[in-house]
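K.L.:
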Amino acid sequence: MLKTLGAQIKEYKRDSILTPVFMILEVICETIIPLLMASIINDGVEEGNMQHIYLAGFAMVVMAGCGLFTGVMGGKYGASASAGFAKNLRKAMYENIQTFSFSNIDKFSTSGLVTRMTTDVTNIQNAYQMILRMCMRAPASLICAMAMAFYVNARVASVYLVAVILLGTILFFLVRKTMKYFNQVFKKYDKLNESVQENVSAIRVVKAYAREEYEKEKFSRASENIYRMFVKAESLTVLNNPIMMFTVYSCIILISWLGANMIVGGSMRTGDLSSLLAYCMNILMSLMMLSMAFVMITISVASGERIAEVLNEKADIVNPEHPVMTVPDGSVSFRHVSFSYKKNARDMVLKEINLEIASGETIGVIGGTGSAKSSLVNLISRLYDVTEGEICVGGYNVKEYDLDVLRSEVSVVLQKNVLFSGTILENLRWGNADATEEECVKACQLACADEFIRNMPEGYHTYIEQGGTNVSGGQKQRLCIARALLKKPKILILDDSTSAVDTATDRKIRKAFAEEIPGTTKFVIAQRVSSISDCDRIIVMENGQIDGFGTEKELLETNKIYREIYESQMYGNGDFDEEGKE
Amino acid sequence: MPAEGRPVRGPGGRRRAMGPRPKIENPGKLFWRLMRYVLKNYTLHCVIVVICIFIGVLANVQGTMFIRSLIDDYILPLSKSAHPDFAPLAGALGRVAVFYLIGVLSSYIYSRLMVNVTQGTLRNLRNEMFIKMQSLPIKYFDTHSHGDIMSMYTNDIDTLRQMISQSIPQFINSFVTIVSVFISMVVLSIPLTCLTLIMVGVSLFAAKKLAGLSGSYFMAQQRDLGGLNGYIEEMVSGQKVVKVFCHEEASIREFNEKNEKLFESANNANKYANILMPVNAQIGNISYVLCAMAGGILALNGVFGFTIGKLVSFLTFNKSFSMPINQISMQLNAIVMALAGADRIFALLDEEPEVDEGYVELVNAEEKPDGTVVPSDSRTGIWAWKHYHRESNTTTYQRLEGKVVFDGVDFGYHDDKMILHDIRLFAEPGQKIAFVGATGAGKTTITNLINRFYDIQDGKIRYDDINVNKIRKKDLRQSLGIVLQDTHLFTGTVEENIRYGKLDATHDEVVAAAKLANAHGFIKRLPEGYDTMLTGDGASLSQGQRQLLAIARAAIADPPALILDEATSSIDTRTEKLVQQGMDSLMKERTTFVIAHRLSTVRNSDCIMVLEDGRIIERGTHDELIARQGKYYQLYTGKAGKNLAG
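Protein chains in written order, with the working numbering: chain W, 1 to 582; chain X, 1001 to 1646.
1) Quick check on Q125 of chain W - is its C-beta less than 9 Å from some C-beta in chain X?
2) Closer than 9 Å by beta-carbon distance: list the chain W residues that pair up with T1491 of chain X, in chain order.
3) Mind listing the chain W neighbours of S1216 of chain X? Cutoff is C-beta to C-beta under 9 Å, in chain order.
4) Please return the same chain residues whose Cβ sits closer than 6 Å to the Cβ of D1224 of chain X, not counting the five positions on each side in sequence.
5) My output table needs one value for D495 of chain W: the three-state DSSP class, helix, strand or coil.
6) Look at V529 of chain W and A484 of chain W and say whether their C-beta atoms are less than 9 Å apart.
7) Examine the Cβ distances between the stretch 117-124 of chain W and the stretch 1290-1310 of chain X and report whether three or more of them are shorter than 8 Å.
8) Does the count of Cβ pairs from the stretch 1361-1378 of chain X and the stretch 1333-1342 of chain X closer than 8 Å reach three?
9) Taking the alpha helix (DSSP H) that T1193 of chain X belongs to, which residues open and close that run?
10) For L1311 of chain X versus V45 of chain W, is the C-beta distance shorter than 9 Å?
11) Would you tell me roughly how many angstroms separate the C-alpha atoms of G1091 of chain X and V1057 of chain X, rounded to the nearest one?
12) Report, in whole angstroms, the separation of the C-beta atoms of L1564 of chain X and T1592 of chain X, which I expect to be a contact under 8 Å.
13) Assess, as a yes-or-no matter, whether the stretch 1171-1185 of chain X is touched by the stretch 1041-1057 of chain X under the definition of 3 or more beta carbon pairs within less than 8 Å.
14) Secondary structure at Y1500 of chain X, three-state DSSP: helix, strand or coil?
15) Using a Cβ-Cβ distance cut-off of 9 Å, determine whether A1513 of chain X contacts chain W.
16) Based on Cα-Cα distance, which residue from X:H1387, X:K1502, X:Y1272, X:N1326 lies nearest to R1379 of chain X?
17) Identify each residue in the stretch 1135-1159 of chain X for which the Cβ-Cβ distance to at least one residue of chain W is less than 8 Å, and report them in chain order.
18) Using DSSP with H/G/I as helix, E/B as strand and the rest coil, what is R1021 of chain X?
19) Please go through the same chain and pick out, in chain order, the residues whose beta-carbon is closer than 7 Å to the beta-carbon of N427 of chain W, but skip the five residues on each side of it.
20) Please go through the same chain and pick out, in chain order, the residues whose beta-carbon is closer than 7 Å to the beta-carbon of E567 of chain W, but skip the five residues on each side of it.
21) When Cβ atoms are compared, which residues of the stretch 72-91 of chain W fall closer than 8 Å to chain X?
22) What does K1040 of chain X touch in chain W if you count any residue whose Cβ is under 7 Å from its own?
23) Does the separation of the CB atoms of M1199 of chain X and I1283 of chain X fall below 9 Å?
24) Would you list, in sequence order, the uninterrupted alpha helix (DSSP H) runs of no fewer than 4 residues that lie entirely inside the stretch 1528-1558 of chain X?
25) Go to S1322 of chain X, then tell me how far its alpha helix (DSSP H) extends in each direction, as first and last residue.
26) Taking contact to mean 3 or more Cβ pairs, one atom from each stretch, closer than 8 Å, check whether the stretch 311-330 of chain W and the stretch 394-408 of chain W are in contact.
27) Do S250 of chain W and P139 of chain W have their C-beta atoms within less than 9 Å of each other?
28) Hey, quick one: how far does the beta strand (DSSP E) through N1364 of chain X stretch, first residue to last?
29) Kindly indicate if chain X contains any beta-carbon less than 9 Å away from that of N470 of chain W.
30) Hey, is Y151 of chain W's beta-carbon within less than 9 Å of any beta-carbon in chain X?
31) Give the residues of chain W in contact with H1247 of chain X, contact being defined as C-beta atoms less than 7 Å apart.
32) According to DSSP, simplified to helix, strand and coil, what is T469 of chain W?
33) For the stretch 257-284 of chain W, list every residue whose C-beta sits within 9 Å of some C-beta in chain X, in sequence order.
34) Can you check DSSP and say which residues form a bridge with W1383 of chain X?
35) Please tell me whether V1061 of chain X has its Cβ less than 9 Å away from any Cβ of chain W.
36) When you compare the CB positions of L406 of chain W and R429 of chain W, do they come within less than 9 Å of one another, or not?
Right, here's the structure in full:
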């Protein structure tokens, strides 16, 4: 993980190195100051030497100035190093996600990817800054102050050494123990919040069943439980402060006693006492900081691992070395194709598919959910790779094509489709960035979208909200079809793309396709028999296999499943179509 | 403190000591309201905490003060005497040690008590929030995004935790420290105190300047972060479309632009925030140096009776004075941030709950041979409305049958915009009423009025001839089963989910309900059968299977009346058949309101209501409506009829 993440520091290596360097310099300045302070007291005040007080005072101001400069520089470089690191991480992740194939995308959930790119990166950014600034500063401060303390008075300083070791050990175990508790608590806490979320989204069910009391009881039990766990975990945490104070105070008492004895005995000077007390604070504070940094870093480890997972994910579909750059025609053939979403899975989603489809044919695909209709067509534009067998488009294996070429010529209208925020024209031009407005209008006319677009307040310049929330389902589907048409593909695949469009419009779209783009091979996946009955041939899918393939007439005679669907939809059980809301 | 900070949970949850302060009206009032809330249950705790903080600070101050007497009263005289006697020093140190120990103890006591105060208050708040939330009308959930509601339970509670457990005690601590250190400094030396105060002023001025600079960049950072996160969310959700359209390059370009912008603002924001610490530290150091020099001169000349011991003590105070002053502004900021969250939480607690003036109750009943209905203590399967009449001071029992009447009902989600107009309908017990019409015609809205998810503006809805307003909501809703189009399941086993309809149902009843709903078959095939755990709204099940469970849940409640919202989404034909059969058997012998999408349902209905723009434009049986050749005919055949209304 460290190696993967570290590789993204890139141009911020300089800043990442400069930050701790400046932090260490700052620490050195800060450690020298108590020493000068002691000298003011020892050689200045006690000796009555004003000259020395000015000199040492001036030196202290210079040191403070150096400390300021190095501190500011450390802060500046720390900020840019961590912000830059975060930027590179996001960039690297985003670029890698763009290379993902469909199966890579399936592996991560959308929300998972978004969290990794947002919250997790922010965590890492904070932790990185912490590491660069605190993790260097604290030990440096600890060592410098310790060294200085020994330089001033080794005997007294040995008290610190014992204190540091003792406190360090106690803190270490305490932090480890509390971390363990807190991990458990936070898991429970997240669960509690999840259940609130569940309650909020199911509030109608709760109210419909009048289960408010039941939910309240359930919640208050969980809430009480969380309370107990939090109290237990935090009771340990609150030990930190008193233990720290106890150590500091013990040191002060011990130093006072030892110091007094030594000063009286002549082996130490008064000024040294104050510098030793100052170092005492420095040492113990840096220990505290270290334990804080330790917690921060431990927390961010999980984030780092999640990020590394995305960065290490290798796209499993890549361009061939010498790709074919043109697709000759729209013929498609499947030869002994088997397919499974998971590698090495025993259950094939598609089994032994053999198909020969001529250029320009219109093919209907029908079958129940889970019969692998979408899987079948997704293989054509190589959104997934076949597990066995081969698929040829225009006579070449799809694996030989340049991916961009293949996907421009094989245009898929996905089942779960998305419009992006931007005007309608901008959305349409996803299909072809150079399309003129006329071409866009033409495509929309084919997809029966032109009319409703013209009725919108700003026509083709109407802004589509994120997720296409300001158009209805049927309108969205038609826009998606138009967008796919703009590619002027040789093969057009409609994956249940008109389910929210009313039957009359659906019919009109199919008619337009047949008349206007007759040369394009078309695949139409549908739930409605009426949507595919006029196709040249129809594929009936069942459990990943082709159960029937032929014209509607043939299928009605020979295929039991098709007949069943046909009869149930034509007589009695079909949809009572509602008109799309326009 | 280690492990005390919650893992940073996304941009919303970040604690930014230097970030822009959110605007809230009357923070003082809000603060006291919160304090009153905390004190309500933890007055004694809080009093002890404040006392302990005092003791802790005083113990610390006395220790520092002792350094003076250590040097002036012990070390200097001792080093001058020929036969130093260390016994008095040992005694003095012993006294100091005792005070220190008390300080440590009180510090532990207050931290420990604060854990209970904080966690207890948060628990009470959470519980109250949840209880309040359960009592709110559906309208609240329509008008508040689920994300916003959730953020109260997570972000706002988290910042409150930070505030109660740390910011407030630390604030008190800092305040007490400042006051006591200030007094001690004044006691030691007035001129040096003035000098220190001047330097503190300089430091505060610098901090304010930097905070201002950093604040505006933090604002920019939040904005850019929001922009980038929005972009990531949109693009990653549409990643498959990006692939299909080979749009990778373009999206990377746009991403880089936004990413670069965020880097700029994040870099600047953090830069100024980072600079603050060394600036404060070094101004503190310079203040220290100046005091050392001035103090050195004073001590040397013995002006104002200043001594070396006093100087050493003063210098320690000088250090411990600037720190809490810098902290106080940070703590204030944290408190204000948390108050914004408290504001939202209190707003939730102040929401008006769903009013329920109903007094007619649903009770178990038995029917006497003579036809009268009397209440029963045991579950009889027969229900009756217990209706108390105030005028005659009598209570009548009326058997629950499931007759529903709408009489001239007008309704709008907002008073100024009516959605339903003059709805009249009549359902005899056991009848099936179908609503058809385009999306947005008001079908779902009508069904939401029967169980009083919303209250009507005009007209009357009667249930078994009782105005629904008179029926206790809980009882009204329990008498109405409902299967919504978008199914919601709860985390728990399959059995628990079905049992949600009737909490005291036995396993056999659960199985029977599942069988009725056609769900038994697939449940049996689940890895653990009825004990299979469902999480994330039943994510492991298919849409159709989830619907079957929802039907079973309604079936086990065995309500006399039923509201069904048929699914439009295309589930596979076979499951759909199962769902259909499940719904059909559920509808048997129940008054049913069904938002229909299937021909068979519509055709078998006793009465079909055709809705358009919130009005019933046609009503009748299938045959009647076909004969009419109006809107229904058009919907049914896809051809325009002769009598097309509207």
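All residues carry an ideal CB built from backbone N, CA and C; glycine is no exception.
P.N.:
Walking through what the data contain:
1) yes
2) K191, E194, S195, E198
3) None at all; the shortest Cβ gap to chain W is about 15 Å.
4) K1261, L1262, S1265
5) Correct three-state label for D495 of chain W: strand.
6) Cβ distance not < 9 Å, so V529 of chain W and A484 of chain W don't count as in contact.
7) Contact fails: fewer than three Cβ-Cβ distances are below 8 Å.
8) no
9) 1190-1237
10) yes
11) One C-alpha to the other measures close to 22 Å.
12) 6 Å
13) yes
14) coil
15) no
16) X:K1502
17) S1135, I1138, F1141, H1146, I1149, M1150, Y1153, T1154
18) Reliability of the predicted coordinates at R1021 of chain X is poor, the pLDDT of 48 falling under 50, and no value is obtained from them.
19) L419, F420, I464, L479, R483
20) none
21) Against chain X - using a Cβ distance shorter than 8 Å - the residues of the stretch 72-91 of chain W are V72, G74, G75, K76, G78, A79, S80, S82, A83, G84, A86, K87, R90, K91.
22) Within chain W, no C-beta atom comes nearer than 7 Å to that of K1040 of chain X; the closest sits roughly 16 Å away.
23) yes
24) 1543-1557
25) 1308-1350 is the extent of the alpha helix (DSSP H) around S1322 of chain X.
26) yes
27) No, Cβ-Cβ distance for S250 of chain W and P139 of chain W is not below 9 Å.
28) 1361-1367
29) no
30) Taking a beta-carbon distance threshold of 9 Å, Y151 of chain W does not count as an interface residue toward chain X.
31) Neighbours of H1247 of chain X across chain W, judged by C-beta separation under 7 Å: W430.
32) coil
33) W257, G259, A260, N261, I263, V264, G265, G266, T270, G271, L273, S274, L277, A278, M281
34) X:N1364
35) Under the 9 Å criterion on CB atoms, V1061 of chain X is classed as non-interfacial with respect to chain W.
36) no
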